[in-house]
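Notes follow once the structure below has been shown.
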Amino acid sequence: MTPRRLAWPLPATTLAVPAAAVALVAFALTIPNFGWRSEWQVASALAHEHLSLVGPLAAATAFHRWALLADPGKLFAAARLAGTDRPEHWAGFLRVWLVLGVAYTVGLVPIFVHTAANATYGGPALGPIVAGYLGLGFTIAVGQLLAALVPVPVLSVVAALVVFLLLQLPQTVDRSFSAVLPVQWHELYLNESENPTALLFRIIALTALTAALVGASRIVGRADRRVAVTPASAGAVALLVLLLAVAAVNPPTRIRQDAAPPAECVPAAGLRVCAHPGHRADLAPMAETTAALVAAYGAAPPGITAVRDAATLPPGPPPPGVVAVPLALDQPADRAVATDLADAMAGARACARKSRRDAVGSDVDTNQAYELSQWLLREAGLQTPDQPWAPAPGSFFDRPAAEVRAWLAEHGAAIVRCDYPRPAA
Amino acid sequence: MIRGPLLFLTARGLRPVLVLWLAAVAAAVATATVVMPVDLRFPHEPRDVPIIELVAVLFAAVGTALSRPRLAEWEKLAAPRVVPAACAQVLLLAALAAAIAPLAALRLPDGVPWHYIPANAVVVAAAASLLCALLGPLAGSASTVALFMVAAGLQNLTELPVPLAEPDHPTLSPAVPAAALALALAATAAHRGLTTWALARARD
Chain X
972 MTPRRLAWPL PATTLAVPAA AVALVAFALT IPNFGWRSEW QVASALAHEH LSLVGPLAAA
1032 TAFHRWALLA DPGKLFAAAR LAGTDRPEHW AGFLRVWLVL GVAYTVGLVP IFVHTAANAT
1092 YGGPALGPIV AGYLGLGFTI AVGQLLAALV PVPVLSVVAA LVVFLLLQLP QTVDRSFSAV
1152 LPVQWHELYL NESENPTALL FRIIALTALT AALVGASRIV GRADRRVAVT PASAGAVALL
1212 VLLLAVAAVN PPTRIRQDAA PPAECVPAAG LRVCAHPGHR ADLAPMAETT AALVAAYGAA
1272 PPGITAVRDA ATLPPGPPPP GVVAVPLALD QPADRAVATD LADAMAGARA CARKSRRDAV
1332 GSDVDTNQAY ELSQWLLREA GLQTPDQPWA PAPGSFFDRP AAEVRAWLAE HGAAIVRCDY
1392 PRPAA
Chain S
98 MIRGPLLFLT ARGLRPVLVL WLAAVAAAVA TATVVMPVDL RFPHEPRDVP IIELVAVLFA
158 AVGTALSRPR LAEWEKLAAP RVVPAACAQV LLLAALAAAI APLAALRLPD GVPWHYIPAN
218 AVVVAAAASL LCALLGPLAG SASTVALFMV AAGLQNLTEL PVPLAEPDHP TLSPAVPAAA
278 LALALAATAA HRGLTTWALA RARD
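This is the structure we're talking about:
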């Protein structure tokens, strides 16, 4: 089918221009991901997350097309009805879906190729990708129904805004809307995946909603404007109400965490350093940073046995002796390990817990822990130049390094618990 | 029988515009307390967009598109008599757009920043009249809303001089909306709502 034939009876530009915009927007939204870690669960989810802006564009396209075709009083109505028994509302919907679906794929292919080349764990998740294309169809169906209700082509902008706000509902009004809307507003970590039940529910709900909306666009747009109640249409509406009620009453648990995620470990200066296979490239910088901090400390700190990528840990608090380091998509591994391990060595986390428990008298320890962690970072050559920090007089920074290390060797176990030894008064 | 300016405004789609305005006021009153966060990257100060501002922008863009000249060929023949009416229409749309936020703000508690919105609505209405005349109603209104979104993003991320007020810095010189409106009126006086180029393109 030529583009001209796909867009018929409207000019080919009515589909070509939105298709170019969809491909451009979908690609532009993925640009930051090229500079970040390549993880398959994130790349797969982009297929539905980027509907946040592509969806409104698709809705406006469908609105414009159907507003021109649906009005029985308009010039194009004759062309639309020429074939008579063909269901034109489905033809209109499928054509827009096909063209924009291809454009969406064109925009997303680069990031998928990049992920395939760089990711070291897992593979593309089919479910979220299917949900993405169904979500695209859903936004098109919303646009088409709105056009059947108010067939004024100029209002395409309003259709785009309505769909934009509709897709925002899960993050602005209630999370349980994400059970039936395509955009989830949640970035999955490496050890997380979507619950298959929730995903299946969403796929069924999006399909049913799309079918109902496209069907309604026919009923509303008909010349005689009579609503025909058939057993099929009544059943479809009942099914729809049931689906939405189930989602509202019992929102599914959306995210599933691995109970025993895989890990790859190397020894580093007496500690075990572990990373998820998906973060294989980060293992070497993690081990290097750990070794540098242990050297700054003087010996392996008591009470700390391992430094682990948070994605290798099962849900719940980390086991004792383990420093969990969350690796955000855009965060270099050495920075993450440097701050988290230095804080753990200086007992900063224990101090934070302590000051939450009993607010009185713990701020002296907290300040000392912060100072010590900064001192360790400086000794290891890991201080960030963009955060200048002036140590108070009489702090660790004014004492010889050997003296601080001897003090650490003596009191290390207590410091990790945030029990700083009080100077004899 | 209607004649004179009222006839002109009716031919320009005054009734749908008024219906749209009432709907916009109702929507703005209903969502007066809702704010769309625009906070794209952390250290930058957020430039949130209240829904009442968004509704005003949307009304300015879509209202201008709805009141496009439907008899442009004839209006271009009757130039001297059409010019004041076409300019009055631009002023009317700007005034209606500017009136939305104060009406909705009756529901807001004291101290909530909304006083900056009418000036923005006037600037956007002027931009909409320029863009719709240049690009045609559909592309003109779409690009007006898109430009506003881009401007909000720029105000969030950069220090560039964007000719719009912000909730946190509600100090826009009154010269800016005045200049925008003057520009829109001058352009309207020249082309009376639709450029010959857009007219020729729409006729294909």
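In order, the protein sequences belong to chains X and S. Every letter in the first sequence is one number past the one before it in our numbering, and letter 10, counting from 1, is 981. Every letter in the second sequence is one number past the one before it in our numbering, and letter 193, counting from 1, is 290. Note that the Cβ used here is the ideal one computed from N, Cα and C, for glycine as well. Note that the structure is predicted; figures quoted are calculated from it, not measured.
Own chain, CB closer than 6 Å to threonine 1110 of chain X, minus 5 neighbours either side, in chain order:
Excluding sequence neighbours, threonine 1110 of chain X sits near Gly1026, Ala1029, Ala1030, Val1134.
Please identify, using Cβ separations under 7 Å, the residues of the stretch 210 to 238 of chain S that lie next to chain X, in order along the chain.
Pro234, Leu235, Ser238
With a cut-off of 8 Å, do at least 3 Cβ pairs link the stretch 1200 to 1220 of chain X to the stretch 1247 to 1262 of chain X?
no
Residue environment, isoleucine 1247 of chain X, which counts as buried when at least 16 other CB atoms sit within 10 Å
Note that residue 1247 of chain X is histidine in the sequence shown here, rather than isoleucine. Buried, because 16 or more other Cβ atoms sit within 10 Å of the Cβ of histidine 1247 of chain X.
Excluding five sequence neighbours on each side, which residues of the same chain lie with their C-beta closer than 6 Å to the C-beta of tyrosine 1092 of chain X?
Pro1248, Gly1249
Considering only residues of the stretch 228 to 264 of chain S, which uninterrupted alpha helix (DSSP H) runs meet the minimum length of 4 residues and lie entirely inside it, listed in chain order?
234 to 254
Segment limits, alpha helix (DSSP H) that includes alanine 1030 of chain X:
1022 to 1041
Alpha carbon to alpha carbon, what distance is there between valine 219 of chain S and threonine 1055 of chain X?
Low local confidence applies: a pLDDT of 49 at threonine 1055 of chain X is under 50, so the model's placement there is unreliable, and no value is given.
Chain-ordered chain S contacts of leucine 1126 of chain X [CB-CB under 7 Å]
Val159
CB-CB under 7 Å to leucine 291 of chain S, same chain, minus the five flanking residues each way: which ones, in chain order?
Arg165, Pro166, Ala169, Ala230
Nonlocal neighbours in the same chain, by C-beta distance under 8 Å from leucine 995 of chain X, ignoring five residues either side:
Contacts found: Gly1078.
Chain S contact residues for leucine 1132 of chain X, given Cβ-Cβ distances below 7 Å
Leu155
Can you grab the Cα-Cα spacing for the pair valine 1080 of chain X / proline 1153 of chain X, in whole Å?
20 Å
Given arginine 144 of chain S, which residues of its chain have a CB within under 7 Å of its CB, disregarding the five upstream and five downstream residues?
These residues qualify, in order along the chain: Val135, Ala249, Gln252, Asn253, Glu263.
Can you check whether the CB of lysine 173 of chain S is closer than 8 Å to the CB of arginine 289 of chain S?
yes
CA-to-CA distance, glutamate 1059 of chain X to alanine 1053 of chain X, given in whole angstroms
In this predicted model, alanine 1053 of chain X has a pLDDT of only 48, less than 50, meaning its place in the structure is not dependable; the value taken from the coordinates is given anyway. Rounded to whole angstroms, alanine 1053 of chain X to glutamate 1059 of chain X spans 10 Å at the Cα level.
Would you say leucine 163 of chain S reaches chain X, if we count a Cβ-Cβ gap shorter than 8 Å as a contact?
yes
Under the three-state DSSP convention, the category cysteine 60 of chain S falls into
Residue 60 of chain S lies beyond the range of chain S shown here (98 to 301); nothing can be said about it.
Buried or exposed by the 16-neighbour rule on C-beta atoms within 10 Å, applied to histidine 266 of chain S
exposed
Can you tell me whether valine 1335 of chain X is buried or exposed, with buried defined as 16 or more other CB within 10 angstroms of its CB?
exposed
Is the beta carbon of glycine 1186 of chain X closer than 8 Å to that of glutamine 1115 of chain X?
It is not a contact, given that the beta carbons lie outside the stated cut-off.
Within 8 Å (strictly less), CB to CB, does valine 1129 of chain X reach chain S?
yes
Tell me the DSSP secondary structure of glutamate 1235 of chain X in three-state form.
strand
Measure the C-alpha to C-alpha separation of leucine 1343 of chain X and phenylalanine 1367 of chain X and round it to an integer number of angstroms.
7 Å
Can you name the residues that DSSP bridges to leucine 1242 of chain X?
X/Ala1239
Could you name the residues of the same chain whose beta carbon sits closer than 7 Å to that of leucine 106 of chain S, not counting the 5 residues immediately before and after it, in chain order?
Gln186
Tryptophan 1346 of chain X and valine 1375 of chain X closer than 8 Å at C-beta
yes
Local Cβ density within 10 Å of serine 270 of chain S, reported as buried at 16 or more and exposed below that:
exposed
Mind pulling the chain X residues with CB within less than 7 Å of valine 242 of chain S?
Val1128
Which listed residue (S/Ala281, S/Phe156, S/Pro206, S/Ser226) has its alpha carbon closest to that of valine 1129 of chain X
Distances from the CA of valine 1129 of chain X to each of S/Ala281, S/Phe156, S/Pro206, S/Ser226 were compared; the closest alpha carbon is that of S/Phe156.
Are the beta-carbon atoms of isoleucine 197 of chain S and valine 122 of chain S separated by less than 8 Å?
yes
Using only the alpha-carbon positions, how far apart do threonine 1178 of chain X and phenylalanine 1172 of chain X sit?
10 Å
Taking the straight line between their C-alpha atoms, what separation do you get for proline 982 of chain X and alanine 175 of chain S?
About 32 Å.
Grab the span of the alpha helix (DSSP H) containing aspartate 1336 of chain X for me, first residue to last.
1334 to 1350 is the span of the alpha helix (DSSP H), which, as asked, contains aspartate 1336 of chain X.
For isoleucine 1226 of chain X, which of helix, strand or coil comes out of DSSP?
strand
Which same chain residues, not among the five before or five after alanine 1176 of chain X, have their C-beta less than 6 Å away from its C-beta?
Val1151, Leu1214
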